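> Just so you know, we're using my numbering here: the sequence shown kicks off at 2 and counts up by one.
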Amino acid sequence: MHIDLVCVLGLLLLTAVVQWNLLLDGTLVGLDSATQWYPWYSFLGESLRSGHIPMWNPHSFAGTPFAADPLSGWTYLPAMVLFTIFPVSAAAKAYLFVHPLLAGLSMYALARTLRVNVVGAVMASIVYEFNGFMYHR
């Protein structure tokens, strides 16, 4: 087996171990994911499933512009697809699992492209994937 494939599988396994609570019991860890992102993406999925572009969010405060907020994610294709097709709980799990994994794999690919050795590339991907910003959501 090629060493890069072994490293990618190792990163996938490490991500699964670190996010065991998300995979097994579905706990959405993190204040932002529970109080801000989950309701936004729930509203996004409901709106897109009903055939409407989510311009206005009547559920926040007395109503807020949804499409005008760049953090709402309504123009982010992975969020649009996930939260439109799947139930919000399954989509949120996939969203929270895949994004850090994708960041780590991308860092590994970048490091290898820059001719960093395997150990350095794995360390760079671990540091980037498991930093506080990625997991404090």
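Think of the CB as a built atom: it goes at the ideal place given N, C-alpha and C, for glycine as much as any other residue.
Since the structure is predicted, the reported quantities are computational estimates derived from the model, not experimental observations.
Just to confirm the assignment, what range does the alpha helix (DSSP H) spanning isoleucine 127 have?
Start and end: 119 to 130.
> Less than 9 Å between the beta carbons of leucine 78 and tyrosine 96, yes or no?
Cβ distance not < 9 Å, so leucine 78 and tyrosine 96 don't count as in contact.
> Would you tell me roughly how many angstroms separate the C-alpha atoms of serine 126 and tyrosine 39, rounded to the nearest one?
Distance between the alpha carbons of serine 126 and tyrosine 39 is about 27 Å.
> Among Val7, His3, Cys8 and Val19, whose alpha-carbon lies nearest the alpha-carbon of valine 99?
It is Val19 whose Cα lies nearest to the Cα of valine 99.
> Look up proline 66 in the DSSP assignment and give the residues it is bridged to.
Paired residues: Trp57.
> Starting from methionine 2, trace the alpha helix (DSSP H) in both directions and tell me its first and last residue.
Taken as a continuous stretch (DSSP letters only), methionine 2 belongs to no alpha helix (DSSP H), as it is neither H nor E.
> From leucine 13 to leucine 6, what distance separates their C-alpha atoms?
Each residue's alpha carbon lies about 11 Å from the other.
> Quick check on DSSP: helix, strand or coil for tryptophan 75?
Reduced to three states, the DSSP call for tryptophan 75 is coil.
> Assuming glycine 74 contacts leucine 102 (C-beta within less than 8 Å), just tell me the rounded distance between them.
Glycine 74 to leucine 102, Cβ: 18 Å. No contact.
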